[in-house]
Amino acid sequence: MLDLDRLPLSRKQLRSIGHATARINLWHGSVRSGKTIASLLAFVIAVATAGPSGLIIVVGRSLQTIERNVLEPLQDRALFGPLAQHIVHTRGATTATILGRTVHLIGAADARAEGRLRGLTAQLAYVDEATLLPEAFWTQLLARLSVPGARLYATTNPDSPRHWLKVSYLDRIAELDMRAWHFRLADNPSLSAEYVASLAAEYTGLWRKRMIEGAWVVAEGAIYSEWDEDRHAVDELPPMRRHWLGVDYGTTNPFSAVLLGLGADDRLYACAEWRFDSRAAHRAMTDAQYSAAVRAWLADMDVAPEWTFIDPSAKSFSTQLWQDGHPGVARADNTVADGIRSVAALLAAGRLFVHRSCDGLLGELPGYAWDPKATERGEDAPLKINDHSVDALRYAIHSTSHEWRHLLSLNREQTPTPYDQPR
4 MLDLDRLPLS
14 RKQLRSIGHA
24 TARINLWHGS
34 VRSGKTIASL
44 LAFVIAVATA
54 GPSGLIIVVG
64 RSLQTIERNV
74 LEPLQDRALF
84 GPLAQHIVHT
94 RGATTATILG
104 RTVHLIGAAD
114 ARAEGRLRGL
124 TAQLAYVDEA
134 TLLPEAFWTQ
144 LLARLSVPGA
154 RLYATTNPDS
164 PRHWLKVSYL
174 DRIAELDMRA
184 WHFRLADNPS
194 LSAEYVASLA
204 AEYTGLWRKR
214 MIEGAWVVAE
224 GAIYSEWDED
234 RHAVDELPPM
244 RRHWLGVDYG
254 TTNPFSAVLL
264 GLGADDRLYA
274 CAEWRFDSRA
284 AHRAMTDAQY
294 SAAVRAWLAD
304 MDVAPEWTFI
314 DPSAKSFSTQ
324 LWQDGHPGVA
334 RADNTVADGI
344 RSVAALLAAG
354 RLFVHRSCDG
364 LLGELPGYAW
374 DPKATERGED
384 APLKINDHSV
394 DALRYAIHST
404 SHEWRHLLSL
414 NREQTPTPYD
424 QPR
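Residue 4 is where the sequence shown starts when you use my numbering, and the numbers rise one by one after that.
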């Protein structure tokens, strides 16, 4: 049913599959390095040979990520051949069938998910993206793997060197019944040179070290180290093909709306900014007043953004805009780390520029920094000061990433220089 010889596996992948016999088995390293395929094969082999006692569990950040990262690859006939027909799952269901065995699917987005494990006795567990899980959930999962010979299989991209998975497990591997394999892009024999180059262009700074080089490195200093006002700030704008709006809502804190445009030169521009600081103005504005002000600002520019992405916590303002007939109101994608990476990739690739009229944004970008106290806890989090316009920019950019991601793979000579820079 499963012929490893027919699969384009590297020696490291084959070695990890054959030696994944410890209580804890961890594949970690860069994206698309082959670690997931190796771990899935090892897990399926374990399912095929497991005894009848104890549950089999698959864990991920959410049911959707489990379906995308675990079940869909297993059902890919191009990858797994005849095995794929023995992976049965109905989208949205909390169980799947793998080689005739019932497998329980558990999402673990926060510490409360730990309760879903209480009372269970498990013999096998597969964990997707282990660093994204709460430590308490991981600890409880290991406690539930109480059947003799029970095993855990897990994958992850690197995180902070102070992350609990690194400190309490990888750094103590000699003391534990644990095996781990570190993967780099070069360990995946199926990737073309063109794809590797394109993937590398999407990651810069901290994320390049983690996602491309596979290193557990600390976040420190400026978040947008790629930012250079002399290079990225412009006085003129090209004709715009499309517009989107990002809004960071504030009452006691500043309110910021950043208009993002896709230029005719295939570059993104922070075209304009509307900002109100209630503290500086010594007066507050209601949701209705904010709505009227933003809509009047857009009307003055004769711009109708396709979508307006709003801080997800600002439900009352979203409702107000909708009631006022503002089109395309949507919750912003507020995954902070991924959003920061999207902005950083565009800056590094020379695909994002800021018009000099955006005073708030220009003032915040150079000082936007990692929180050292969060870093000490093994977390990546920005300091929550002077971040209102950069958050609005992040909302607009990351929420539209599917619209512009292809621009990162374009060669610089394929598009003209930024509109107002010397040619």
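Virtual Cβ for every residue (Gly too), placed ideally from N, Cα, C. Owing to the predicted nature of the structure, the values given are computational and were not obtained by experimental measurement.
*Report the residue from 312, 409, 61 and 350 whose alpha carbon sits nearest the alpha carbon of residue 402.*
312
*Would you decide whether residue 12 is buried or exposed? Buried here means 16 or more other CB atoms lie within 10 Å of its CB.*
By the 10 Å Cβ count, residue 12 comes out buried.
*asked:* Can you look up residue 385 in the DSSP assignment and give me helix, strand or coil?
replied: strand
*Output the boundary residues of the beta strand (DSSP E) element that contains residue 238.*
Here residue 238 belongs to no beta strand (DSSP E), and DSSP marks it neither H nor E.
*DSSP-derived helix/strand/coil call for residue 17*: Residue state for residue 17 is assigned as helix, using DSSP reduced to three classes.
_Beta-carbon gap between residue 246 and residue 306 smaller than 8 Å_ = Yes, they are a contact pair.
*Please classify residue 98: is it buried, with 16 or more other beta-carbons within 10 angstroms of its beta-carbon, or exposed?*
exposed
*Around the C-beta of residue 103, are 16 or more other C-beta atoms found within 10 angstroms, so that it is buried, or is it exposed?*
exposed
*Would the segment 217-228 and the segment 242-257 be scored as touching if the rule is three or more Cβ pairs under 8 Å?*
no
*What does a CB cutoff of less than 7 Å around residue 199 pick up in its chain, not counting 5 residues either side in sequence?*
Non-local beta-carbon contacts of residue 199 in its own chain, meaning distances under 7 Å to residues more than five positions away in sequence, involve 188 in chain order.
*Which same chain residues, not among the five before or five after residue 337, have their C-beta less than 6 Å away from its C-beta?*
315
_Continuous alpha helix (DSSP H) assignments of at least 4 residues falling wholly in the segment 48-129_ = 66-69 and 80-83
*Neighbour-count burial assignment, residue 16, 16 or more Cβ in a 10 Å radius*: buried
*asked:* Among the candidates 122, 329, 354 and 153, whose CA atom is the shortest distance from the CA of residue 237?
replied: 354
*asked:* Please classify residue 391 as buried or exposed, where buried requires at least 16 other C-beta atoms within 10 Å of its C-beta.
replied: It counts as buried.
_Nearer than 7 Å: is that true of the beta carbon of residue 55 relative to any heavy atom of the ligand ATP?_
Among the ligands in the structure shown, none appear at all, so the ligand ATP cannot be discussed.
_Considering only the alpha carbon of each residue, which of 298, 215, 201 and 195 lies closest to residue 185?_
Nearest C-alpha to residue 185: 215.
*Helix, strand or coil: how does DSSP classify residue 135 here?*
DSSP, reduced to helix, strand and coil, places residue 135 within a helical segment of the structure shown.
*Select from 234, 377 and 250 the residue whose C-alpha is nearest the C-alpha of residue 397.*
250
*Under 8 Å by Cβ, that's how I've got residue 168 and residue 128 pegged, so tell me the actual separation to the nearest angstrom.*
Between residue 168 and residue 128, the beta carbon gap of about 15 Å keeps them out of contact (Cβ cut-off 8 Å).
*Is there contact between the segment 68-75 and the segment 129-145, where contact requires at least three CB pairs shorter than 8 Å?*
yes
*Which residues in the same chain as residue 113 place their Cβ atom closer than 7 Å to its Cβ, once the five residues preceding and following it in sequence are excluded?*
Excluding positions up to five away in sequence, the list reads 137.
*Kindly list the residues whose CB is nearer than 6 Å to the CB of residue 51, restricted to its own chain and excluding five residues on each side of it in sequence; keep chain order.*
102
*Let me know if residue 326 comes out buried or exposed under the rule of 16 or more other beta-carbons within 10 Å of its beta-carbon.*
exposed
*Going by DSSP, name the residue or residues bridged to residue 264.*
246 and 272
*Closest by C-alpha distance to residue 328, when choosing among 303, 400, 350 and 298*: 298
*What separation, rounded to the nearest whole angstrom, lies between the Cα atoms of residue 210 and residue 344?*
Residue 210 and residue 344 have their C-alpha atoms some 7 Å from each other.
*Can you give the Cα-Cα distance for residue 3 and residue 224, rounded to whole angstroms?*
No information on residue 3 is available, as it lies outside the stretch 4 to 426 that the chain covers here.
*Compare the Cα-Cα distances from residue 116 to each of 94, 126, 144 and 96 and report the closest residue.*
144
*asked:* Give me the DSSP bridge partner(s) of residue 158.
replied: 30
_Whole-angstrom distance between residue 26 and residue 120, CA atom to CA atom_ = Their backbone Cα atoms lie some 18 Å apart in a straight line.
*Test: residue 273 CB closer than 8 Å to a CB of chain C*: The structure shown has no chain C; it contains just one protein chain.
*Going straight from the alpha carbon of residue 418 to that of residue 191, what length do you get?*
With a pLDDT of 46 at residue 418, under the threshold of 50, the predicted position of this residue should be treated as unreliable, and no value is reported.
*In terms of residues, what are the limits of the beta strand (DSSP E) holding residue 358?*
For residue 358, the enclosing beta strand (DSSP E) stretches over residues 355-358.
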